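Colleague: This is the structure I have questions about; it appears just below.
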Amino acid sequence: MRSLIRISWCGAIAALALSTGCSGEQSLSEKYPTQWKTCNALFGAKNMESLRGILDSGDLKFSNSALSVDHIKKELTQEAIEPYNKSRGFEEYDACGLSGNGRFSAMAGWAADPLQAVQTNTERWHRAATDVYVADTASVGGDVDLVFRCDIKGASGQAQVLLEARVSAPDAPRVSEAFHQQLAVQLARTLRDELACTNEPSIPDDLGISG
């Protein structure tokens, strides 16, 4: 009787291990703790869950560097406050990346083009709201690329006031234009809030790029 109970107990443990994935394989959040936390913070856990569902495959992985939101925030703030280094230019931060059955990536950084150049280059950029401009998707390989004014406290003589948020995702119908745009808007709003832009730019829900 005791041996039967033991067999039954072992069977139950084995079944539990299978149902919970306890096969010795780490989950994405365990393999990539920093990327998991950063991407969820920048885009929201719900959006990231949807992306993982779209890109799900046997080799789903985060492809971005292990940068925390605090690190990105600190570096962007420092770039704004310190004197501009023309030979080095501005850094582009690999904010989030996920690859599997397709690829998703997002970058953040101070824009290469100054505000006046963006305002006058109407073939590439259109105004989505006050101090918010969106690139023509055809000119950026189908990405959603937006820049917005972000004045940083303590950055007198700020060399660049335009912060850029760019999101690349699989084409529709796998990732709809609306969801692609939603991801870019969420990234821009999170960056605005994290950097506490003193001009408080309003990033609209609709960037005016739907086909």
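Going by numbering that gives the first Met the number 0, 17 is the number at position 18 of the sequence shown; the sequence numbering is gapless. For every residue, glycine included, the Cβ atom is placed at its ideal position computed from N, Cα and C. Bear in mind that the values here come from a model prediction, so they are computed numbers and not experimental data.
Of all the options Glu48, Met106 and Ile208, which has the alpha carbon lying nearest to the alpha carbon of Ala127?
Modeller: Closest by alpha carbon: Ile208.
Colleague: Please confirm if the segment 164-178 is in contact with the segment 89-105, defined as three or more CB-CB distances below 8 Å between the two stretches.
Modeller: Enough Cβ pairs lie closer than 8 Å, so yes.
Colleague: Quick check: the Cα distance between Ala183 and Gln115, rounded to an integer number of angstroms?
Modeller: Computed Cα separation, rounded: 23 Å.
Colleague: Would you tell me roughly how many angstroms separate the C-alpha atoms of Glu91 and Ala44, rounded to the nearest one?
Modeller: Spanning the two alpha carbons is a distance of roughly 23 Å.
Colleague: In its own chain, which residues sit with a C-beta less than 8 Å from the C-beta of Thr121, not counting the 5 before and 5 after it?
Modeller: Result list for Thr121: empty, nothing under 8 Å.
Colleague: Identify whether Ala171 lies in helix, strand or coil by the three-state DSSP scheme.
Modeller: Reduced to three states, the DSSP call for Ala171 is coil.
Colleague: Give a yes or no on whether the C-beta atoms belonging to Leu59 and Leu27 are separated by under 8 Å.
Modeller: Going by C-beta atoms, Leu59 is nearer than 8 Å to Leu27.
Colleague: According to DSSP, is Lys60 part of a helix, a strand, or is it coil?
Modeller: Three-state result, Lys60: strand.
Colleague: Just list the beta strand (DSSP E) runs in the segment 65-123, keeping only unbroken ones of 3 residues or longer that don't cross its boundaries, in chain order.
Modeller: As far as the segment 65-123 is concerned, its whole beta strand (DSSP E) runs of at least 3 residues are 91-99 and 101-109.
Colleague: Quick one: measure Cβ to Cβ for Leu194 and Cys149, integer angstroms, because I've assumed they're closer than 8 Å.
Modeller: Going by Cβ atoms, the distance from Leu194 to Cys149 rounds to 6 Å, so yes, they are a contact pair.
Colleague: Under the rule that 16 or more other beta-carbon atoms within 10 Å means buried, what is Thr211, buried or exposed?
Modeller: Outside the shown range of the chain, which is 0 to 210, sits residue 211, and nothing can be said about it.
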